[in-house]
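Q: Below is the structure I would like to discuss, written out as structure tokens.
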Amino acid sequence: MNADPSPVARAAPNPRAIATWGPRLVTAAVMLVGVYDVLVGGVLLASSTPWIAHGPGTAWIALGATLQSAPLDVATVGLFRRMGAFSLHAGVCTIVWAGLAVRRPWLQTAQFFTYLATGIGFALTDAQYFAGTPYLMGKHIIGTVFFAAFLGHLALRRAERRSAT
């Protein structure tokens with residue numbers, strides 16, 4: 017006679033589903049961060065007013081008035097284009113690296129630790145230059161998504177180790 021499993025047993029996660037979908041969700045979160053960087057890079061590269069790319073209230077907005085009242089400063093616009101190229105590059109590398117690492121947990125671990133180390137620098141400069149802006153709130157959301165993906169990755173790695181023993 018088959019007894020109906022308890023609600024706890026029905027609610028227990030399926031290990032096979034976690035093993036299949038867990039890494040994909042982690043990878044999707046990391047790729048989302050990469051897509052964001054690609055979009056910001058594209059705006060910085062293509063916009064005729066790249067200093068507004070990060071939204072209202074940012075330190076870059078003041079440059080707009082300066083650049084509009086003076087001859088176009090090639091060096092300043094060039095710096096924005098370089099930031100755009102870097103953001104585009106970082107986003108593409110993030111997406112490619114995440115795609116390669118989806119079935120290689122050790123590579124995903126390397127990506128997370130690399131991005132955590134470099135992300136601290138970005139977080140510090142963002143806090144200084146974008147304090148109190150919607151852009152910084154967006155960056156906090158992106159950082160939270162990335163950190164949640166990192167925690168998910170660690171939980172998956174731990175579950176793999178436990179099931180291997």
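So for the sequence shown, the working numbering puts the first residue at 17; every next one is plus one. Even for Gly, the Cβ is constructed at its ideal location relative to N, Cα and C. Only a predicted model underlies this, so the values are computations on that prediction, with no experimental measurement involved.
Check this for me: beta carbons of Asp53 and Thr141, under 8 Å apart or not?
A: Walking along the sequence shown from the start, residue 53 turns up at place 37. Walking along the sequence shown from the start, residue 141 turns up at place 125. No, the Cβ-Cβ distance between Asp53 and Thr141 is not below 8 Å.
Q: Using the Cβ count rule (16 or more neighbours within 10 Å means buried), how would you classify His169?
A: In the sequence shown, counting from the first residue as 1, residue 169 sits at position 153. By the neighbour-count rule (16 or more Cβ atoms within 10 Å), His169 is buried.
Q: Which same chain residues end up closer than 6 Å to Val42 when comparing Cβ atoms and leaving out the 5 residues on each side of it in sequence?
A: Here residue 42 refers to the residue found at position 26 of the sequence shown. These residues qualify, in order along the chain: Ala165, Gly168, His169.
Q: Quick check: the stretch 67 to 81 against the stretch 124 to 141, are at least 3 beta-carbon pairs closer than 8 Å?
A: Judged by Cβ distances under 8 Å, the stretch 124 to 141 makes no contact with the stretch 67 to 81, as fewer than three pairs qualify.
Q: What do you get for Gln124, buried or exposed, if any count of 16 or more other CB atoms within 10 angstroms of its CB means buried?
A: Your numbering for residue 124 matches position 108 in the sequence shown. Gln124 comes out buried.
Q: Just curious, the alpha helix (DSSP H) that Phe162 is in, first and last residue?
A: In the sequence shown, residue 162 corresponds to position 146, counting from 1. Where Phe162 is concerned, the enclosing alpha helix (DSSP H) stretches over 150 to 180.
Q: Measuring only the C-alpha atoms, how far is Trp76 from Leu60?
A: Taking the sequence shown and counting its residues from 1, one reaches residue 76 at position 60. Taking the sequence shown and counting its residues from 1, one reaches residue 60 at position 44. Their backbone Cα atoms lie some 12 Å apart in a straight line.
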